Amino acid sequence: MCPDSASSGCLFLVATPIGNLGDLSPRASETISNCDLIACEDTRVSSKLLHHLKIRKNLVSYREENEKTKCIELAKQIEEGQKIALLSDAGYPCISDPGFRLVRECHKKGLRVIPIPGPNAALSALAVSGLPTHQFIYLGFLPKKSAQLKKVLEKWKEYDGSIVVYESKYKIDKTLLSVEEILGQDRYICLARELTKSHESILSGPVNEVAQKQLLMSGKGEFTLVIAPSGYSFA
Ligand code: SAM
């Protein structure tokens, strides 16, 4: 049986575009259209997507601030037979976005959780980076405080695979300086900015060169950073 046609309640984890609306899969669109309720990080953001799809649906907010209590309520609704689609603002729910608690609650209750795969910034950046992909670690957002950030970089300095992190436009230049300082200026990185959007840029090379180019560009946008293992180069 196709899991999408499950007759009992279930939770769908629906990946949505990280920029380009054309990346929404037909299955994601069908799931959004057929579910009973949409739980989403920001109802204003998901309303725009629904408007684009010409779908009218009830939306409830499920975000970091209400996750602990809301996951119990939503799991109860699923237990009662509702099909709920979980959406984050962009990309895959649960990946540096709300969702984990609700998924855990469903598993605790023996409820079905069905992935509807699709866009994800970390994997898109890794794949396009030209840096090794056979082994990698995803660290989410790096710590905000300089001392903790440096501690994390020290910890993973000799890791055998690539390191993938999310970074904000406010911190990216400082983070690149820390990468240079702790991992060395010739460490290869890829700075993937605005993936799938009109100002997409993918800069791969030694961190000192990428940092120079980044300084010349507008500081705006969303960034994913991939760091190659020590000793790797395009040579
Ligand atoms: N759940 C999302 C996913 O699956 O990719 C990630 C959510 S996380 C809160 C948002 C971060 O992902 C941004 O701050 C940025 O670091 C990265 N990101 C999101 N969209 C991006 C894009 N189009 N290009 C590069 N990085 C992006």
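In this text, residue positions in the sequence shown follow my numbering: the first is 163, and each later residue adds one. Positions of the beta carbon are idealized from the N, C-alpha and C atoms, including for glycine. Quick caveat, the model's predicted, so the values are computed rather than measured.
Check: Under the rule that 16 or more other beta-carbon atoms within 10 Å means buried, what is R282, buried or exposed?
Finding: A small fix is needed here, since residue 282 is Asn in this sequence, not Arg. Classification of N282: buried, given that the 10 Å Cβ count is 16 or more.
Notebook entry, point to check: How many Å lie between S191 and N370 at the Cα?
Noted result: So the alpha carbons of these two residues sit roughly 42 Å apart.
Note to self: Using only the alpha-carbon positions, how far apart do I240 and G171 sit?
What the structure shows: Computed Cα separation, rounded: 5 Å.
Check: CA-CA distance, L311 and V290?
Finding: Taking the straight line from one Cα to the other gives about 25 Å.
Next item on the list: Consult DSSP for C164 and reduce its assignment to one of helix, strand or coil.
Entry: Note that C164 scores 45 on pLDDT, short of 50, meaning its location in the model is unreliable and no value can be drawn from it.
Checklist line | Bridge-paired residues (DSSP) for T178 | finding: The partner list for T178 (beta bridge, DSSP) reads G253.
Check: Hey, A287 and V222: beta-carbon distance below 8 Å or not?
Finding: Not closer than 8 Å, so no.
Note to self: Classify K245: buried if its beta carbon has 16 or more other beta carbons within 10 angstroms, exposed otherwise.
What the structure shows: Per the 10 Å Cβ criterion, buried.
Next item on the list: Tell me whether G243 is buried or exposed, calling it buried when 16 or more other Cβ atoms sit within 10 Å of its Cβ.
Entry: Exposed: under 16 other Cβ atoms inside 10 Å.
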